[in-house]
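Before any comments, here is the structure.
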Amino acid sequence: MRRPIIAGNWKMNNTKAQTYALLNDLIPLVKDAEAEVVICVPYTSIWAAGEAIKGTNIHLGAENVHWAEKGAFTGEISADMLKEQGVEYVIIGHSERRQYFGETDQTVNMRVKAALAHGLKPIICVGETLEEREGGKVEEVLVRQTTEAFRDIDKSELENIVIAYEPVWAIGTGKTATAQDANDTIAIVRGTMAKLYGEKNAEERVRIQYGGSMNPKNAKELMAMPQIDGGLIGGASLKAVDFSQVVKYNG
Ligand code: PGA
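Using numbering that gives the first Met the number 0, the letters of the sequence shown map in sequence onto residues 0 to 250.
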């Protein structure tokens, strides 16, 4: 019903030459994958990545998008610009953007709207910090982030949006949420979507990934959980073999 989706988030890694090399290794390893495969790459690698994956089952994504059509926003990139390069998915509201670059729930919502208006598919990141978790605020944070991200988004768009639940304390730390914990927390996010769009839509049309130190060793167990529809993969997406093993989590 909900097709699994595994997306790599390269973050600030890979030059053009490294992009070609990594993708040339990756393409044959994932060519018969059952899951949908996405790579989200730095702006400077978009052209090369698009060329390398042409005609393959790998989908192209970017790591952010600005909300304006164009204008005086030095250093930013618009949805139109991404679309023209063949980009299909775009990560929005990653915790690193929220932590280091002033991203707020409101700017996340603005970016989501701009992406959808131009036919890009947002991968919206939500997740609590360690402090919020220890303070018993997980539900409050996730309900707020999810509700604000989806403000004024019509239910007809649900298939075009992916949510990534990424506990901030698990990103790049080697600490993974247990599969059960990830599952239960994602249930909170899906429950929020049910409140916003109805139970049936939330069950059938909303894909929710887990992200945070997901790797070849833990992917199978995480993906076996009923609430987890995929993964957003940082570190392990930078090695072709590791990423392919996550993509083919059933071995
Ligand atoms: P990680 O990153 O897999 O390196 O923890 C995940 C992410 O930030 O999306």
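Note that beta-carbon positions come from the ideal geometry of N, C-alpha and C, so glycine has one too. No experiment lies behind these values; they were computed from the predicted model shown.
- 235 is the residue among 74, 12, 59, 235 whose C-alpha sits nearest the C-alpha of residue 171.
- Straight-line spacing of the CA atoms in residue 71 and residue 81 works out to 17 Å.
- Residue range 120-125 is occupied by the beta strand (DSSP E) that includes residue 121.
- For residue 33, no beta strand (DSSP E) encloses it, and the DSSP letter there is neither H nor E.
- Remark: the C-beta of residue 213 is in contact range of the ligand PGA, defined as less than 7 Å to any heavy atom.
- Within the stretch 212-250, the complete alpha helix (DSSP H) runs of at least 4 residues fall at 218-222, 239-246.
- Boundaries for residue 84: no alpha helix (DSSP H) harbours it, and the DSSP string shows neither H nor E there.
- Residues of the same chain with a CB within less than 6 Å of the CB of residue 167, apart from the 5 flanking positions on each side, are 94, 126, 128 in chain order.
- Taking all protein chains in view, the Cβ of residue 179 is surrounded by fewer than 16 other Cβ atoms within 10 Å, so the residue is classified as exposed.
- Judged by beta-carbon spacing, residue 176 lies within the 8 Å limit of residue 169, meaning their Cβ atoms are closer than that value.
- Scanning its chain for C-beta atoms nearer than 6 Å, with the 5 sequence neighbours on each side dropped, one finds around residue 218 the residues 245, 248, in chain order.
- Taking 8 Å as the cut-off, the Cβ atoms of residue 147 and residue 182 do not count as close.
- Excluding sequence positions up to five before and after residue 145, its CB lies within less than 6 Å of the CB of 125, 188, 191, all in the same chain and listed in chain order.
- The alpha-carbon separation between residue 12 and residue 222 amounts to approximately 26 Å.
- Note: residue 93 is not bridge-paired with any residue in the DSSP secondary-structure output.
- Residue 182 carries a helical assignment under DSSP once its states are collapsed to helix, strand and coil.
- For the 8 Å CB-CB criterion, residue 56 and residue 30 form a contact.
- Under the three-state reduction of DSSP output, residue 7 falls in the strand class.
- Remark: the C-beta of residue 13 is outside contact range of the ligand PGA, defined as less than 7 Å to any heavy atom.
- Residue 206 carries a strand assignment under DSSP once its states are collapsed to helix, strand and coil.
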